[in-house]
Amino acid sequence: MHTILQIYKRDLRRLITQPLTLVLALALGVVGGAYGWICIVVNHDPYGNTGNLKVAVSSEDTGAEISGMGELNLGSQLIESLETNDNMDWQFVDADTAVEGVESGEYYAALVFPEDFSANIASLLTSDAKPSQIEYYVNEKVNAASPRITDSVASTLEQTINEQFASQISGVVAELIANLSDQTTDAIDQSQQDGLAQVDDATAKLQSAIDGLDEASDSLGSAREQVSNAKTSLSDLTDAIDSSQSKLSASTTQLGQLRTTSSSTLSSLSSTAAQGGVLLGQAAGGLGLAAGQANAGLQQASGQLDAVIESAQNVSDDYTALLTAIKQSSAAGNDTVSKLITKLEQQNADYQQAIDSLRTVSGDISTTSSAVSGAVSTGTSAIQSGIDSASDASQTIGSTAIPQLYAGLDSYAQMSTELAVALGSLQQVGEQGEATLDQLDSTLASVSSTLTATAQSLGDAQSDLSAASTDLHALRSSEVYAQLEALSGLDADALADFVASPATLETTTFYAVEDYGSSVAPMYTNLALWVGAFATVLIFRVEPDDEGVDSMTVTTGFLGRWLFFATVALLQSVIIAAGDLVIGVQTTTALGLFATCALISVSYVSIIYALTAAFTHIGRGLCVLLLVLQISGSSGMYPIEMMPEFFQRIYHVLPFTYGIKAIREIVGGMYGMNYVKAIAPMAAIAAVVMALVVALRPWTNHLTEYFNREMLATGLIVGEEFSVAGRGEHRTIRILVGTLAERQEHQRRLRERHQRYMDRYPKMRRAAIVAGVVVPAILAVFSVTSEEKVVMLSLWVAWMLVIMLGFVALEYFHGKFERLLREENDMETTAELGLAWTEGQ
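For the sequence shown, the UniProt record's numbering begins at 1 and goes up steadily by one.
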C-alpha cells in the first residue's frame with residue numbers, strides 16, 4: 001500500500017507542478033463534456049422548431065352538396081385553417097408544383113386533396129359509401145427525422161378532418177333528432193286520443209257482438225226444441241202410415257174375397273150382392289178413415305216442419321248478422337277471432353243447406369197429401385157405385401149388376417194399389433225428414449259450441465282492448481315518452497363537440513421532465529464521461545516508471561497509476577456535472593448530480609484503464625467497440641424492447657445501462673431503491689474488471705512489453721517503453737545458479753522449440769490472413785440476404801477480434817522465443833566472463 005501511495009503522490013505532484021499538464025487534464029473534461037452539452041442543447045426542444053419545415057399543400061376539391069347541410073368543401077376549409085396554423089411552414093401551391101417540390105427536395109412533404117375529396121366523404125351518408133383519401137408525398141432522402149415529423153402531422157391532419165366532418169354531421173343529425181322528437185311526441189299525443197276513441201268504439205261493438213251471441217245461443221236452444229218436436233211428429237206420422245197401410249191391406253183382402261164369392265155362384269146373387277154391398281160399405285168406410293188419418297198426419301207434419309223451417313231461418317238470419325258485426329269490429333284482425341269467423345261461416349252454410357232440405361221435405365209432404373186425397377176420393381166413388389149396383393141387383397142381376405160390381409171392385413183394387421204406393425212414398429219422405437232433422441240438430445249443436453267459443457274469444461279480445469286502453473292512458477307517463485321529450489331539447493352543438501371527441505385523455509405524469517433535452521441528458525452525460533475517461537487514458541502514460549519509488553511491482557504500479565486516473569476522472573465529472581446545470585438540465589438535487597457523475601466517471605476510467613493496461617492498443621480498441629455497443633444497447637434513446645434481440649441480450653452487462661438509470665433518477669426523481677440498483681451493478685462491473693486485470697497482469701506483462709516494443713519500432717504508432725519488473729531478475733538468478741550442464745541442456749531444448757515454431761510460423765500467418773478475409777466475406781454476403789443483420793455484424797466483429805487476438809498470440813510467441821534466446825545468450829556471456837575471472841584468480 002505504501003508503494004501505491006508513493007506512486008500516486010508522485011504522479012499527483014507532477015500534475016500540479018506542471019500547469020500545462022493540469023490545464024490539459026481539465027481540458028479533457030471540457031472536451032468530453034462539450035460533446036454532451038451540445039447534444040443536450042440541440043435536443044432541448046427540437047419539435048418546437050417544426051414551423052420552419054416547408055410542407056406543400058394543394059386542394060383540387062370541387063365540393064359536394066349534402067342534404068340538410070348545404071354545400072360542403074372540406075378542401076377549402078382545410079386550406080383556410082392551415083393558413084393560420086404555424087406548426088409547419090405551409091406552402092400553398094398547385095398539385096403539380098407540390099409533387100415536383102417534394103421530389104426535388106424543396107419541400108419535405110406535400111398534401112394534396114383530390115377533386116372528389118368532399119364527395120367521397122359525403123357518400124358516407126348514402127348507401128354507396130366510398131373512402132376519401134388524402135394524397136401524401138414525402139421525400140425520405142432529405143432528412144432522417146423529417147419524414148417522421150411530417151408523417152405525424154399528416155396523421156394529425158387526417159384525424160382533424162375526421163373530427164370536423166363527424167362534428168358537422170352529428171350537429172345536423174342532432175337537429176333532425178330534436179325535430180323528429182317533437183313530431184313524434186305530437187303524433188303520440190294525437191295517436192293516444194284517436195286510439196282511445198277507437199278502443200272505446202271497438203269495445204262497444206264487441207259487447208254488442210257478445211250480446212248477439214248470447215241471443216243467438218238462446219235462439220239455437222229454442223230451435224233445437226222445435227227440431228225435437230218435429231222429430232216426434234214425424235214419428236207419429238210414420239205410425240199413422242203404418243196403420244193406414246195395414247187397413248188398406250185388409251180392405252184389399254176383403255175385396256178379393258168378395259169378388260171370389262160373387263163369382264162362385266150366381267144363384268145366390270141377391271144375398272151375395274147384399275153382402276157385397278155391406279162389405280163395400282165397410283171398405284169405403286175403412287178407406288175413408290185411413291185416408292183421413294193419413295191426411296191428418298201429413299198436415300200435422302207439414303205444419304210442424306214449416307214452424308221448424310221458420311225458426312231455423314230466423315236463427316240463420318241472426319247468425320249472418322252476427323258474423324257481419326264481428327267482421328266489422330276491430331277484433332277481426334286477431335288470429336284466433338279470424339279463424340272462428342271462417343269456421344262460423346262454414347257452419348252457417350251447412351245450416352242453410354239443412355233448412356233448404358227441410359223445405360224440400362215439406363213440399364214432398366204436401367204433394368203426397370194431395371195424391372192420397374185424390375186416390376181416396378176416386379176409390380170412394382168407385383165403391384159407392386158398386387154399392388148402388390149391389391142394391392139394384394135384384395132388378396138387374398141378369399143384365400148389368402154383375403159386370404158393374406166387377407168394375408167397381410177392379411176400380412177399388414186399382415185405387416188401393418195407388419194408395420199403397422202413395423203411403424210408401426210418404427213413409428220415405430218421413431224417413432228423410434227424420435234424417436234431415438238429425439243433421440239439423442247436429443249442426444245446431446256444433447253452431448252452439450262454436451258460438452260459445454266465439455263468445456270466449458270476443459271476451460278475450462275485449463280484455464285485450466281494455467289492457468290497450470290502460471296502456472294508452474299510461475303512454476304519456478312512460479320512460480320512452482320521457483326520453484323522447486328529452487330528445488326534443490337536444491343541444492346540437494354540444495352533441496357535435498362530443499361526437500368529434502367522445503373521449504378525452506386525462507394524463508397523470510409521474511416524475512415529469514421539463515424538456516426533451518433533460519430527457520436525453522442521462523445518455524449524453526454518460527457519453528461525455530466515457531469520452532473524457534477514454535481521452536485521459538489515451539493522453540497520459542498507462543505504465544508508471546519507478547522514479548522515486550521503492551521496489552515497485554507490476555501490481556503496485558498498476559494500482560498507483562489507477563489512483564491518478566481516478567483523480568483526473570473526478571475532476572472531469574465535476575466539470576461535466578457543472579456544465580449540465582449551467583445549460584439547464586433538470587435535476588432534483590444538484591449535489592446528487594455531482595456525486596453520481598463522480599461515481600460513474602471513476603467506474604468508466606477504471607474499466608478503460610484496466611483494458612488498456614492489460615491489452616495496450618487492443619484494449620483501447622475494445623473500449624471503442626464497447627462504446628459503440630453501449631450507444632445502441634443501453635436504452636439511452638429508445639426502450640430496449642424496441643432494439644434488436646442482440647442488444648436486448650447484452651443490455652444487462654453494459655456499464656452505460658446503469659449509469660443512465662442512475663442519472664435518470666437524479667433528473668426525474670428517485671423511486672425506492674432504483675438508484676442503488678443502478679449504482680451497485682455499475683461499480684461491481686468496474687471492480688470485477690479491475691480484479692481480473694490485477695490477477696492476470698503478471699501473465700500479460702510480456703504481451704504488453706512486446707506490443708510496446710513493436711509499436712515503437714514502427715516509428716509511426718505511439719507506444720510506451722516497458723520493462724517486466726520483478727520477473728527478469730528472478731530468472732537470471734535461477735539460470736546463474738544452475739549447473740553448466742543444465743544450462744546447456746536448457747538452451748538446446750529452447751532452440752529446438754524455437755525452430756519448430758519458426759517452421760510453422762509462415763503457415764500460421766497465411767492461415768490467419770486467409771481466415772481474416774474469407775470468413776468476413778462470407779458473413780458480409782449473409783448479412784445482405786439475411787434479416788438478422790445485427791447478428792451478422794456482431795459475428796463479423798467477433799471474428800475480427802478473434803483474428804486480431806490470433807495475430808497477437810502468434811507474434812507474442814514469436815517475440816517470446818527471441819527474448820528467451822537473447823536472455824540465454826546474455827546469460828552464457830555472463831557465465832563465461834565469470835568463469836574466466838575465476839580462473840584468473
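Don't be surprised by glycine CBs; every beta carbon is placed ideally from N, CA and C.
In angstroms with no decimal places, state the Cα-to-Cα distance between residue i and residue j.
| i | j | result |
| --- | --- | --- |
| residue 53 | residue 76 | 22 Å |
| residue 509 | residue 668 | 11 Å |
| residue 540 | residue 781 | 41 Å |
| residue 25 | residue 574 | 13 Å |
| residue 636 | residue 19 | 37 Å |
| residue 534 | residue 609 | 8 Å |
| residue 634 | residue 512 | 22 Å |
| residue 672 | residue 92 | 54 Å |
| residue 59 | residue 530 | 53 Å |
| residue 100 | residue 628 | 39 Å |
| residue 750 | residue 805 | 24 Å |
| residue 652 | residue 682 | 10 Å |
| residue 569 | residue 27 | 12 Å |
| residue 606 | residue 514 | 33 Å |
| residue 63 | residue 155 | 22 Å |
| residue 51 | residue 107 | 13 Å |
| residue 657 | residue 676 | 13 Å |
| residue 532 | residue 679 | 19 Å |
| residue 820 | residue 35 | 48 Å |
| residue 584 | residue 649 | 35 Å |
| residue 596 | residue 689 | 20 Å |
| residue 842 | residue 555 | Beyond the ends of the chain as shown, which are 1 and 841, falls residue 842; an answer cannot be given. |
| residue 809 | residue 765 | 11 Å |
| residue 663 | residue 646 | 25 Å |
| residue 638 | residue 630 | 12 Å |
| residue 22 | residue 14 | 9 Å |
| residue 731 | residue 6 | Residue confidence is low: residue 731 scores 44 on pLDDT, short of 50, so the model does not pin down where it sits. No coordinate-derived value is stated. |
| residue 137 | residue 775 | 43 Å |
| residue 800 | residue 632 | 20 Å |
| residue 791 | residue 119 | 51 Å |
| residue 151 | residue 693 | 51 Å |
| residue 86 | residue 49 | 10 Å |
| residue 398 | residue 360 | Residue confidence for residue 398 is low, a pLDDT of 45 falling below 50, so the modelled location carries little weight; the figure read from the coordinates is stated next. Distance between the alpha carbons of residue 398 and residue 360 is about 54 Å. |
Report the partner residues of residue i according to the DSSP bridge assignment.
| i | result |
| --- | --- |
| residue 92 | 57 |
| residue 136 | 111 |
| residue 24 | DSSP output for residue 24 lists no bridge partner at all. |
Measure the beta-carbon distance from residue i to residue j and round it to whole angstroms, keeping in mind my assumption that it falls under 8 Å.
| i | j | result |
| --- | --- | --- |
| residue 618 | residue 655 | About 19 Å; that fails the 8 Å criterion. |
| residue 604 | residue 44 | Not really, about 25 Å apart at Cβ, beyond 8 Å. |
| residue 770 | residue 625 | About 24 Å separates the two Cβ atoms, so there is no contact after all. |
| residue 112 | residue 122 | Contact flag wrong, Cβ pair sits at about 19 Å. |
| residue 613 | residue 558 | 6 Å |
| residue 593 | residue 666 | 5 Å |
| residue 572 | residue 32 | 6 Å |
| residue 115 | residue 139 | The Cβ separation is near 24 Å, so there is no contact. |
| residue 61 | residue 82 | No, residue 61 and residue 82 are not in contact; Cβ-Cβ is about 13 Å, not under 8 Å. |
| residue 55 | residue 95 | At roughly 14 Å, the Cβ-Cβ gap does not stay under 8 Å, so residue 55 and residue 95 are not in contact. |
With DSSP as the reference, label residue i as helix, strand or coil.
| i | result |
| --- | --- |
| residue 594 | helix |
| residue 512 | coil |
| residue 71 | strand |
| residue 100 | helix |
| residue 65 | strand |
| residue 671 | coil |
| residue 35 | helix |
| residue 3 | helix |
| residue 540 | coil |
| residue 552 | coil |
| residue 763 | helix |
| residue 769 | helix |
Across the segment 550-559 and the segment 569-582, are there enough close Cβ pairs to call them in contact, namely three or more that are closer than 8 Å? Verdict: no, contact absent.
Is the segment 797-816 touching the segment 758-775, taking contact as three or more C-beta pairs under 8 Å? The answer is yes - the segment 758-775 touches the segment 797-816, with three or more Cβ pairs under 8 Å.
Should the segment 639-650 be called in touch with the segment 556-565, which here means at least 3 C-beta pairs below 8 Å? They do not touch, by the three-pair rule.
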